[in-house]
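Trainee:
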Amino acid sequence: MFSATGLRVGFAIGNEDIIKGMKAAQTYHIFCLNPVNQTATARCLDYTADGLYFYSLRNLYQQQATKLLKGLIDSRLNFNYWVPQGGYFVVTDISNIDIPNKYFIQNDVKVTRDFAFAHYMINEFGVVCIPCSPYYENKETGQNLVRWAFCKTDETISEAINRLK
């Protein structure tokens with residue numbers, strides 16, 4: 005939200021009984037949020053007062069997702085992909101891509117295919133993707149998947165696409 009993807013601040017709107025329960029649970033999970041993040045979040049929420057912020061953000065993300073997807077499809081790599089229905093990531097299947105063996109060992113430890121691919125992309129293309137295996141209980145299940153963030157500037161997405169050609 006508000007292009008602050010690492011900011012862990014939330015809010016809830018809902019029925020009074022539900023909010024009351026959430027407040028009770030939160031008391032035991034989070035003591036307090038630092039004042040800088042609270043103030044920044046409050047100021048960001050001011051931008052939503054006219055109701056247009058989230059509409060325009062959704063449109064921007066749809067445009068960026070389309071641009072990144074087209075770039076991935078047109079790249080020299082053979083991606084299978086999923087069109088995102090929410091969030092700000094495109095997930096691709098890398099099972100058809102040859103990864104040089106040297107990327108499967110990192111600091112003398114054998115890594116999963118998605119981590120090897122991420123290192124390959126950084127070192128050979130200068131483009132960063134995120135391995136998906138850490139999001140699975142069994143890391144082998146997600147080892148053929150990586151995600152690409154499109155919550156970036158147009159210039160950053162264009163540069164990544166150019167590097168993948």
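Position in the sequence shown counted from 1, then plus 4, gives you the numbering used here. Think of the CB as a built atom: it goes at the ideal place given N, C-alpha and C, for glycine as much as any other residue.
With DSSP collapsed to three states, give me the class of residue 77.
Mentor: On the sequence shown, position 73 is the one that residue 77 refers to. Residue 77 carries a helical assignment under DSSP once its states are collapsed to helix, strand and coil.
Trainee: Could you pull out every unbroken beta strand (DSSP E) segment of at least 3 residues lying fully inside the stretch 50-95, listed in chain order?
Mentor: Listed in chain order, they are 84-86.
Trainee: Where does residue 147 sit, in a helix, a strand or coil, going by DSSP?
Mentor: To locate residue 147, count along the sequence shown from 1; it is residue 143. DSSP places residue 147 in coil when its eight states are reduced to three.
Trainee: Out of 109, 58 and 101, which has the shortest C-alpha to C-alpha gap to residue 82?
Mentor: Here residue 82 refers to the residue found at position 78 when the sequence shown is read from its first residue. For the residues 109, 58 and 101, the minimum Cα distance to residue 82 belongs to 101.
Trainee: Where does residue 115 sit, in a helix, a strand or coil, going by DSSP?
Mentor: For this step, residue 115 is matched to residue 111 along the sequence shown. Three-state result, residue 115: coil.
Trainee: Between the beta-carbon of residue 129 and the beta-carbon of residue 167, is there less than 8 Å?
Mentor: As a working note, residue 129 is residue 125 in the sequence shown. As a working note, residue 167 is residue 163 in the sequence shown. A contact, by the Cβ cut-off of 8 Å.
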